[in-house]
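Residue numbers (our numbering), protein chains in the order written: chain Z, 1312 to 1621; chain H, 89 to 595; chain Y, 914 to 1270. From the three backbone atoms N, C-alpha and C, an ideal C-beta is built for every residue, glycine too. Note that the structure is predicted; figures quoted are calculated from it, not measured. The structure under discussion appears below in the form of structure tokens.
Shown next as structure tokens:
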């Protein structure tokens, strides 16, 4: 039992970068833009955050810079797909290539470097009074670091945003039917830009969690495909930010299960167990496409909007 | 006092090489119902889309209530009190009525549902419209959706309402209902602009009528003692014979017998239920119904593109149910289908005429390789025979005009010498000349003994052109009647769901 | 303030010019960045060219990189043409190499030609099968192929690592994790000092061109890519065509794996592909889905990559600079499409007082 609690506690930590990236992609897809550049945006956030943190020593600065770096990538994506109406799939790939390049380039001199002490202090586990007393779940969810809580809060705020606010409603309308949204006086481009930028900032934070908290040191290609898993998790969570929490933590668990199994002296090759998250992602994809009640996501997803289209 | 609420001055808009609106100057008054009349491609919709901010004019100016207005987006238009009810309704299907009404509206950060509901209910009461604010749009009928769209525009405080072909999708009874709402709006001193090409409706509802032709302004007339003839002459430009001819052909045996077929749509609801009918050789069977009543599924089921769960479709006695289009061709059945979505199904929009002709015959070639020689010859033939206006047979079909696109499609289908032709809305969006070309082509086929299924929306066309008319409502047949013995109103009742026995008994 | 409107259609030659302009603009933009990190862009570009063409050896190296890139680009193009977003080239390359290696290691005493043919065919089948998995699910249930193919890349990669560190580890390598080298029998012969991959590339280019323009399946691929509804309407068996084309797509990528394993690394390593599958996507896109353009574009791309690894030593600019340049070129090329499809014009602002004449 105890080891299960320890495992789940670690799974939540491993799932947090996925949570940020998944809700980031949900925000982007809700306005009708499929951004396959999540991996690149995460890497940009990871390297931006790490550099800023390494040089300034301030976690706050690191987080802000991480979000801003990823937003540059998001802005390029938005400019291409919204203003220039470029193919969203290929643009996303371009962002991934660019982001990988930038992180490799900037990170070159940082490989193996470790962050100052201030980081471990700020991101040490913070127990939330009362909630941490809940049996079993108390430790799993409420004895975590600040960054993890930030992920919870972001997912919950987004749920409220889409359910109860006018801005959220308008954003959904843009993704469902931009022609209708436009006729209603909603500035389609502005909504797309704003949400793509917000979404990419969240992806950036996901990357920054890896380099600032989870590792916390600089590794080349630190995301290792998590951005792509996030794209699949969006489908898994059926575009609901609250469901993304569950999905992200399940995959967080898969991410570390090999490590745990080794501790238990189960002799399966580490490399084969490493395949698990990717295999399960595929299973999830298949499962979601087979089921009958499957929601296909925003109707205008990955379609460029041009008002004068005839 | 200036009674003009909107003045459009010298509006010009060019799409590619087409002058959709050519230096048009026209004005509209407070509290009038003003119809814009013209055939397809006359520039009515373009002009109105410019007024409501969807299109940007290349030149010209818009004056609203005496002041020059900049209308760069629908948002600007709304702020000037201009709202448009588009032909393709601009509603988010997955959202509720209320959500659609308030989308894009300013107001409290959080959605205060009860307050908004009350507002919407009040507005509904004023116009005597019944709709539940919490229903999803996708669960409404087309007429209800249209009413929501009107409510939405009114809710935004529009005083100038533009309706684009509002009656195209309505039954005659629903049309009357709409006219009641329009009159109510006129009482409130709103200006209502209606885009249409239906003469009788124009004469019934409008105060003034503006006629456009090929992007040019022709005339504005006051609706007093107007003859329909005067209007058509202005619309078409020359005294043409607009009579639709029904060729009298002695019908032969049944070429197609459809018996009790059931088709489910992708949401697992009935798209067609218990549909039975037959088509004879040398007969044109019209299919009427409100849009989305199962017409598309019916055509596709016969063509082998829809899964039929029950019943049989017999073509010359052979059952087609469960056969793929390829299988049907292999059985030696020659049937043509001119789908509603010409560029999305009948043709490949980015390919040239040759390749689109090839689409139908490529599989008859043997081996792995493909020869375009035959197709090219056919394409040249087609262009020549139907006088298709195109730079060459190597031009992508999407660059052709609507009429020419339809000629390519229909021409290709007729070339295969079918025994049955299924046509879905074959004259939609065509100018009068092209539409008549389509009627002529189908009449020639009819005389040859080909059976024709003609899915249409204009009840007058259906009554004049077809031999019999089958009416669909919600995927069920509500009647099959002789075209020359049925009135528009009776068709309307059947389209709304009443069975023909009931309707005819009322007389 | 600009206004956007749609163009009728641009002439082919103009389209080409716009695309070339985009690449030039991206090079200029890169110059700014090179200046920013403290180098002279002209010197850097010159060094890059020198790194690619400075000697016969370097030229051969550049072409050597062109071969897998071009072949893989032709492969993904077959799928892209149908709007089947196969980004699994990387995995298909690795799995192709895996199959080839299996035969190279276990049947090393076969006659050379037979062994090489066996390796090629098995690599193509393996790559094809690997790509067929997502294709089957795509046509049956509409499963998203982009993420699926990508996940398969990681699985293939992990699998090769597993082999390299586990069952296939060379016992003679003093514990060093590597798979045994191929025997001479399993190594592709050379023509004009370069392994025959270059001939395969040119052949494949012609074959793909012929498929696209002069075969029934090519026609079906094009129609499916434009509109699946039309394809069904015309009686095409969409599922079967998609599966055939995707199999070919993966097969070509698998062949790349065989060539790389046999002629370049002489063994299987998990670093065998190192991004070729991804770069191939860019090459296919930049070639504007025209197979005849692929060898040229792949060559230009090889110059970038080779040049980038050269300037790494000469200027201490990290190799990943190449990725940035590639990303930038793709971004500018994507932007160029806009100018091909749309027209920009100045809006008359006189109504607002008019700052612009």
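Chain Z partners of residue i, CB-CB under 8 Å?
i: residue 183 of chain H; result: 1480, 1483, 1484 and 1487
i: residue 150 of chain H; result: Within 8 Å Cβ-Cβ: nothing; residue 150 of chain H doesn't reach chain Z, min ~17 Å.
Compute the Euclidean distance between the alpha carbons of residue i and residue j, then round it to the nearest angstrom.
i: residue 91 of chain H; j: residue 288 of chain H; result: 27 Å
i: residue 1160 of chain Y; j: residue 966 of chain Y; result: 36 Å
i: residue 270 of chain H; j: residue 1248 of chain Y; result: 47 Å
i: residue 159 of chain H; j: residue 135 of chain H; result: 13 Å
i: residue 1265 of chain Y; j: residue 157 of chain H; result: Caution is warranted here: a pLDDT of 37 is assigned to residue 1265 of chain Y, below 50, making its placement in the model unreliable, and the coordinate value is therefore given only provisionally. So the alpha carbons of these two residues sit roughly 10 Å apart.
i: residue 342 of chain H; j: residue 447 of chain H; result: 29 Å
i: residue 582 of chain H; j: residue 1406 of chain Z; result: 56 Å
i: residue 1042 of chain Y; j: residue 1065 of chain Y; result: 12 Å
i: residue 925 of chain Y; j: residue 142 of chain H; result: 31 Å
i: residue 1022 of chain Y; j: residue 1098 of chain Y; result: 7 Å
i: residue 1489 of chain Z; j: residue 994 of chain Y; result: 27 Å
i: residue 543 of chain H; j: residue 467 of chain H; result: 27 Å
i: residue 1268 of chain Y; j: residue 1392 of chain Z; result: The predicted model places residue 1268 of chain Y with a pLDDT of 30, which falls under 50 and marks its position as unreliable; any figure quoted below should be read in that light. When rounded, the distance between both Cα atoms is 30 Å.
i: residue 346 of chain H; j: residue 1152 of chain Y; result: 29 Å
i: residue 1062 of chain Y; j: residue 1587 of chain Z; result: 15 Å
Going by alpha carbons, who is nearest to residue i out of the options?
i: residue 427 of chain H; options: H:493, H:405, H:446 and H:416; result: H:493
i: residue 999 of chain Y; options: Z:1397, Z:1401, Z:1396 and Z:1395; result: Z:1401
i: residue 539 of chain H; options: H:515, H:503, H:577 and H:366; result: H:366
i: residue 1094 of chain Y; options: Y:1194, Y:1175, Y:1109 and Y:971; result: Y:1175
i: residue 384 of chain H; options: H:244, H:199, H:512 and H:579; result: H:512
i: residue 1201 of chain Y; options: Y:928, Y:952 and Y:1146; result: Y:928
i: residue 293 of chain H; options: H:306, H:312 and H:307; result: H:312
i: residue 368 of chain H; options: H:521, H:338, H:147 and H:390; result: H:338
i: residue 988 of chain Y; options: Y:1118, Y:1135 and Y:1055; result: Y:1118
i: residue 1214 of chain Y; options: Y:969, Y:940 and Y:920; result: Y:940
i: residue 932 of chain Y; options: Y:1258, Y:957 and Y:1252; result: Y:1252
i: residue 278 of chain H; options: H:301, H:297, H:249 and H:300; result: H:249
Going along chain H in order, which residues have a C-beta closer than 8 Å to the C-beta of residue i?
i: residue 1498 of chain Z; result: 161 and 163
i: residue 1146 of chain Y; result: 391, 393, 413, 425, 427, 433 and 434
i: residue 1279 of chain Y; result: Outside the modelled stretch of chain Y, which goes from 914 to 1270, sits residue 1279 of chain Y, for which no answer is possible.
Starting from the beta carbon of residue i, find every residue of chain Z whose beta carbon is closer than 9 Å, and list them in chain order.
i: residue 143 of chain H; result: 1618 and 1619
i: residue 130 of chain H; result: Correct list: empty, because the minimum Cβ distance to chain Z is about 15 Å.
Tell me whether the beta-carbon of residue i lies closer than 8 Å to the beta-carbon of residue j.
i: residue 1173 of chain Y; j: residue 981 of chain Y; result: yes
i: residue 1351 of chain Z; j: residue 1384 of chain Z; result: yes
i: residue 1486 of chain Z; j: residue 1328 of chain Z; result: no
i: residue 124 of chain H; j: residue 132 of chain H; result: yes
i: residue 188 of chain H; j: residue 230 of chain H; result: no
i: residue 253 of chain H; j: residue 283 of chain H; result: yes
i: residue 1169 of chain Y; j: residue 985 of chain Y; result: yes
i: residue 1467 of chain Z; j: residue 1553 of chain Z; result: yes
i: residue 1289 of chain Z; j: residue 1060 of chain Y; result: Nothing about residue 1289 of chain Z can be read from this structure; chain Z reaches only from 1312 to 1621.
i: residue 1540 of chain Z; j: residue 1562 of chain Z; result: yes
i: residue 1255 of chain Y; j: residue 950 of chain Y; result: no
Going along chain H, which residues have a C-beta under 7 Å from residue i?
i: residue 1490 of chain Z; result: 178
i: residue 922 of chain Y; result: 487
i: residue 1476 of chain Z; result: 197, 198 and 199
So with CB distances below 7 Å, who are the chain Y contacts of residue i?
i: residue 1416 of chain Z; result: 1231, 1233, 1234 and 1237
Kindly list, in the order they appear in chain Z, the residues whose Cβ is closer than 7 Å to that of residue i.
i: residue 187 of chain H; result: 1480
i: residue 280 of chain H; result: Neighbours of residue 280 of chain H on chain Z: none; closest Cβ ~18 Å, over 7 Å.
Would you mind telling me which residues of chain Y sit closer than 9 Å to residue i, beta carbon to beta carbon, in chain order?
i: residue 529 of chain H; result: Residues of chain Y passing the Cβ test: none, with the nearest at roughly 20 Å.
i: residue 1413 of chain Z; result: 1233, 1236, 1237 and 1240
Which residues of chain Y have a Cβ atom closer than 8 Å to the Cβ of residue i, listed in chain order?
i: residue 448 of chain H; result: 1147
Quiz item: In chain order, which alpha helix (DSSP H) runs of at least 4 residues are fully inside the stretch 334 to 393 of chain H?
Solution: 383 to 391
Quiz item: At which residue ranges does the stretch 1575 to 1615 of chain Z contain complete alpha helix (DSSP H) runs of 4 or more residues, listed in the order of the chain?
Solution: 1581 to 1584 and 1587 to 1601
Quiz prompt | beta strand (DSSP E) segments (min. 3 residues) lying fully within the stretch 507 to 565 of chain H | solution = Listed in chain order, the complete beta strand (DSSP E) runs (minimum 3 residues) inside the stretch 507 to 565 of chain H are 508 to 512, 539 to 543 and 556 to 561.
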